[in-house]
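In my numbering, the protein residues as written are 105 to 436.
This is the structure we're talking about:
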């Protein structure tokens, strides 16, 4: 399995010229803008949500964890205060909880790299902590509000099904409407059973963007320099957990089957991210043009190519594709 260099314990990074307070304020404003774009336009703004952690991660690499947390807290506190004035206490509390998770956790992982932890292990810990915190927080919120999470998940699917039935263009009974209703029903059932896994899988992918993009924009800070996405590797023991989750999903009875599925989804996303890092490793060597690399990354997310990318990450513990590929290049 490929190993990445362990970063030496980093001495406190020397502040750069200029005011640290100004840099914290700018990072807080950027974080608030990215988060607000998601709150105002959920569909379009969802593209910006994975980038919310980038300013705080970048600042942590450059100036340390207190600076990164200060920027995150300023942004989240400002948005929560605005939400409190317009939407109420429960919405403001939920916004503060989610905002703190998506900004503070990646900054904390970046701080761990500054202290000498391997970036891949820091990212793995970030995936575990974020998945548990978000899924647990959503579950606690649904139970305290008296409405099960399954009903909240099913509500938008039921609304879309009703819209299809009342659409005059389909007449509610047409073949196309029937297929669409069947698809929505299947998606609703899947989301109700595995909502925690879907939340965790989304976090795994989004956290990779914030953690590694923030480090890239923080270079040449020493901890940021070693935090390169193309060096990401998943420890070999995680494979056993992936196999056990797959077997549980296929063979275990209820409710162990649902628990296995909720574990399998984020693990599959983790191996997809790992496979994408392998592709990134070779793309940087083989393709000098950024347009070609971006096109290759975009192709990797499409089904069924994405399955191959996930398998690439899954079997890297055994094949060590980076080392084999470099050896083949040297021989040629």
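We put the beta carbon where it would ideally sit given N, CA and C, even for glycine. All of these numbers come straight from a predicted model, not from anything done at the bench.
Nearest-angstrom Cα separation, counted from residue j out to residue i
i: residue 291; j: residue 279; result: 18 Å
i: residue 190; j: residue 144; result: 13 Å
i: residue 131; j: residue 375; result: 31 Å
i: residue 282; j: residue 264; result: 13 Å
i: residue 186; j: residue 333; result: 36 Å
i: residue 362; j: residue 347; result: 15 Å
i: residue 444; j: residue 294; result: Nothing about residue 444 can be reported from this structure: the residues present for the chain run from 105 to 436 only.
i: residue 422; j: residue 339; result: 11 Å
i: residue 323; j: residue 424; result: 27 Å
i: residue 124; j: residue 219; result: 21 Å
i: residue 195; j: residue 203; result: 12 Å
i: residue 433; j: residue 409; result: Reliability of the predicted coordinates at residue 433 is poor, the pLDDT of 48 falling under 50, and the value obtained from them is presented with this limitation in mind. The alpha-carbon atoms of residue 433 and residue 409 are separated by roughly 24 Å.
i: residue 133; j: residue 354; result: 47 Å
i: residue 211; j: residue 150; result: 20 Å
i: residue 391; j: residue 171; result: 37 Å
i: residue 388; j: residue 243; result: 41 Å
Proximity of residue i and residue j at Cβ, strictly below 8 Å
i: residue 153; j: residue 142; result: yes
i: residue 299; j: residue 257; result: yes
i: residue 128; j: residue 181; result: no
i: residue 305; j: residue 370; result: yes
i: residue 367; j: residue 349; result: yes
i: residue 352; j: residue 344; result: no
i: residue 377; j: residue 418; result: no
i: residue 413; j: residue 404; result: yes
i: residue 426; j: residue 385; result: yes
i: residue 319; j: residue 328; result: yes
i: residue 205; j: residue 240; result: no
i: residue 166; j: residue 286; result: no
i: residue 303; j: residue 238; result: yes
Spatial neighbours of residue i in its chain, beta-carbon cut-off 7 Å, leaving aside the 5 residues before and after
i: residue 140; result: 183
i: residue 245; result: 198
i: residue 208; result: 173, 176
i: residue 213; result: 226, 227, 229, 230, 315
i: residue 135; result: 156, 159, 160, 175, 176, 179, 207
i: residue 321; result: 158, 162
i: residue 201; result: 241
i: residue 402; result: none
Residues near residue i by beta carbon distance below 6 Å, same chain, minus five either side
i: residue 261; result: 288, 292
i: residue 215; result: 164, 169
i: residue 416; result: 379, 382
i: residue 309; result: 373
Chain C contact for residue i (CB, 8 Å cutoff)
i: residue 412; result: Included in the structure is just one protein chain, with no chain C present.
Residue i (DSSP reduced to helix, strand or coil)
i: residue 330; result: helix
i: residue 424; result: coil
i: residue 205; result: helix
i: residue 228; result: helix
i: residue 299; result: helix
i: residue 433; result: Legend: pLDDT at residue 433 = 48, less than 50; position of this residue unreliable, value from coordinates given subsequently. DSSP places residue 433 in helix when its eight states are reduced to three.
i: residue 321; result: coil
i: residue 413; result: helix
i: residue 406; result: coil
i: residue 358; result: coil
i: residue 210; result: helix
i: residue 222; result: coil
Residues of its chain near residue i, where Cβ-Cβ distance is below 8 Å and the 5 sequence neighbours each way are ignored
i: residue 360; result: 352
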